[in-house]
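These notes are about the structure you will find just below.
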Amino acid sequence: MSLKGKNFLRMMDLSADEILELIDLSAELKDKKKKGVSHKVLEGKNIALIFEKTSTRTRCAFEVAASDLGMGCTYLDPSGSQIGKKESIKDTARVLGRMFDGIEYRGFEQTIVKELAEYAGVPVWNGLTNESHPTQMIADMLTIKEHKGKLKGLKFVYMGDARYNMGNSLMVTCAKLGIDFVACTNKDYFPEPWLVEYARECAAEAGSTVTLTESVEKGCKDADVIYTDVWVSMGEPEEVWSERIKELSPYQVNKKAMSYAKEDAIFMHCLPAFHDLDTGIGKQIYAKFGLEEMEVTDEVFEGPQSVVFDEAENRMHSIKAIMYATLV
Ligand code: CP
Ligand code: NVA
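To convert, note that position 62 of the sequence shown is 279 in this note's numbering; the numbers rise steadily by one, no gaps.
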């Protein structure tokens, strides 16, 4: 593979072939793990994980994958380092680049991870920024391939806040892989026009389409995959909840929305999800707005079409593949 020594910052930087190779490598490493075949091929290397936002899946995936590959791993939490407060990203990059073989960064603007990559001198992996979530894409495509047997030619529908990290990355990934992508949401939540234009160019090359629609029936009709994410992302102010609930409630993934899709359609969500009252924020929203579930109903989340935990597991196998491909 051609990714050795490269950064992994956003899907726009990858070719369709590179994405497909990463999906296949993830499947290969998953198979090794399931069969108990040791793959400590990166023994002696060390990675750093910088998290300026919280995480369950991404952090655990990086730590377990690093351990399986034989690497040491250092976790820097949102408050436990000098980053941002006493030391610039540029200086941090040059320090960590002297000690580690690769660096994961989760935080705010894409420009920060880009700057880190410019100065680190070792591969930098984007573990989520406001604009993109590329490691999630490899896990998601692997999950779809496992359940549908193919990627090209499928219809993928994204409901909810399509202009943030998940909507942006999924649109570009689907377009590159020849999957018909639909952003089904209030028009104020469509991805930015320049990115839609870029995705449409990729889709034209791959023989697929990118559609923006406010109609749930039209958007979800004959879909193979229905995907959603939280309505308010990490780092956004609490005050936006009320407008998000008002504007995005029509795009909740519920039984009705699923009924427009193919009978064997799957439901996906990057997680964490608000589908019941078992979370702190879920309880607060219920007290303030009377909503028991938000972007997805509990019925769909827990139902037979939901593959969200396969998807979560695949974060580990795919992050392992991304590190392997860029380090070996
Ligand atoms: N999907 C995802 O990135 O989850 P975490 O925020 O738990 O890492
Ligand atoms: N859009 C979400 C994704 C979480 C994995 C967020 O940024 O909080």
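Don't be surprised by glycine CBs; every beta carbon is placed ideally from N, CA and C.
By how many angstroms is the C-alpha of residue j removed from the C-alpha of residue i?
| i | j | result |
| --- | --- | --- |
| Phe268 | Asp294 | 5 Å |
| Met376 | Cys437 | 9 Å |
| Lys479 | Cys290 | 43 Å |
| Ala282 | Ile536 | 7 Å |
| Thr205 | Phe225 | Past the boundaries of the shown model lies residue 205; the chain is included only from 218 to 545, so the question cannot be answered. |
| Trp448 | Thr271 | 17 Å |
| Glu238 | Ala244 | 10 Å |
| Leu387 | Met354 | 7 Å |
| Leu412 | Ala400 | 13 Å |
| Ile502 | Glu519 | 21 Å |
| Pro467 | Glu260 | 50 Å |
| Gly253 | Ile361 | 24 Å |
| Gln299 | Asp515 | 41 Å |
| Ser219 | Ala379 | 31 Å |
| Pro454 | Glu409 | 21 Å |
| Met451 | Tyr415 | 26 Å |
| Met288 | Ala334 | 20 Å |
| Lys303 | Lys251 | 44 Å |
| Lys369 | Gly301 | 42 Å |
| Lys257 | Lys223 | 21 Å |
| Lys472 | Cys487 | 19 Å |
| Val330 | Lys500 | 34 Å |
| Asp495 | Glu456 | 22 Å |
| Leu286 | Lys505 | 46 Å |
| Ala421 | Ala278 | 34 Å |
| Leu242 | Ser255 | 15 Å |
| Tyr381 | Ser284 | 31 Å |
| His350 | Glu280 | 18 Å |
| Gly497 | Ser296 | 21 Å |
| Tyr322 | Cys419 | 27 Å |
| Val517 | Glu431 | 21 Å |
Excluding sequence positions up to five away, which residues of its chain have a Cβ less than 6 Å from the Cβ of residue i?
| i | result |
| --- | --- |
| Ile320 | Ala265, Leu313, Ala337 and Val341 |
| Lys367 | none |
| Phe373 | Cys391, Ile396, Phe398 and Val442 |
| Tyr477 | Glu434, Cys437 and Lys438 |
| Arg417 | Val427 |
| Tyr292 | Leu266 |
| Asp527 | Thr360 |
| Leu249 | For clarity, residue 249 is Lys in the given sequence; the question names Leu instead. These residues qualify, in order along the chain: His256. |
In terms of DSSP beta bridges, what is residue i paired with?
| i | result |
| --- | --- |
| Leu266 | Tyr292 and Glu321 |
| Thr445 | Met376 and His486 |
| Ser523 | Phe484 |
| Asn185 | One cannot answer for residue 185 here, as it falls past the ends of the chain, which runs 218 to 545. |
| Phe225 | Trp342 |
| Ala400 | Tyr375 and Leu429 |
| Val548 | This structure does not reach residue 548, given that the chain is present from 218 up to 545, and the question cannot be answered. |
| Ile236 | Per DSSP, none; premise fails for Ile236. |
| Glu304 | Ile300 |
If I measure Cβ to Cβ from residue i and keep anything under 7 Å in the same chain, skipping five residues before and after, which residues do I get?
| i | result |
| --- | --- |
| Phe317 | Asn263, Ile264, Ala265 and Val339 |
| Ile539 | Phe225, Leu239, Trp342, Thr352 and Ile355 |
| His364 | Ile483 and Val524 |
| Gln522 | Met475, Ala482, Ile483 and Phe484 |
| Gly384 | Tyr375, Asp378, Ala400 and Pro408 |
| Trp458 | Val449 and Ile502 |
Measure the CB-CB distance between residue i and residue j and report whether it falls below 7 Å.
| i | j | result |
| --- | --- | --- |
| Val525 | Ala474 | no |
| Leu246 | His534 | yes |
| Phe398 | Leu429 | no |
| Lys404 | Ala233 | no |
| Asn531 | Leu371 | no |
| Met229 | Val470 | no |
| Ala529 | Arg315 | no |
Using C-beta distances below 8 Å, list every residue in its chain close to residue i, excluding the 5 sequence neighbours before and after it, in chain order.
| i | result |
| --- | --- |
| Glu332 | Ile306, Lys307 and Ala310 |
| Lys221 | Ala542, Thr543, Leu544 and Val545 |
| Ile236 | Met228, Met354, Ile355, Met358, Thr390, Lys393 and Leu394 |
Chain B beta carbons: is any one of them nearer than 7 Å to that of residue i?
| i | result |
| --- | --- |
| Asp234 | Absent here is chain B; the protein component of the structure consists of one chain. |
Cβ contact check for the region 508 to 518 and the region 484 to 498: 3 or more pairs under 8 Å: yes
Meets three-Cβ-pair contact criterion under 8 Å: the region 325 to 332 and the region 453 to 465: no
Taking one C-beta from the region 443 to 450 and one from the region 472 to 487 each time, how about it: are there three or more such pairs within less than 8 Å? yes
Within 8 Å, do at least three Cβ pairs link the region 341 to 355 to the region 420 to 433? no
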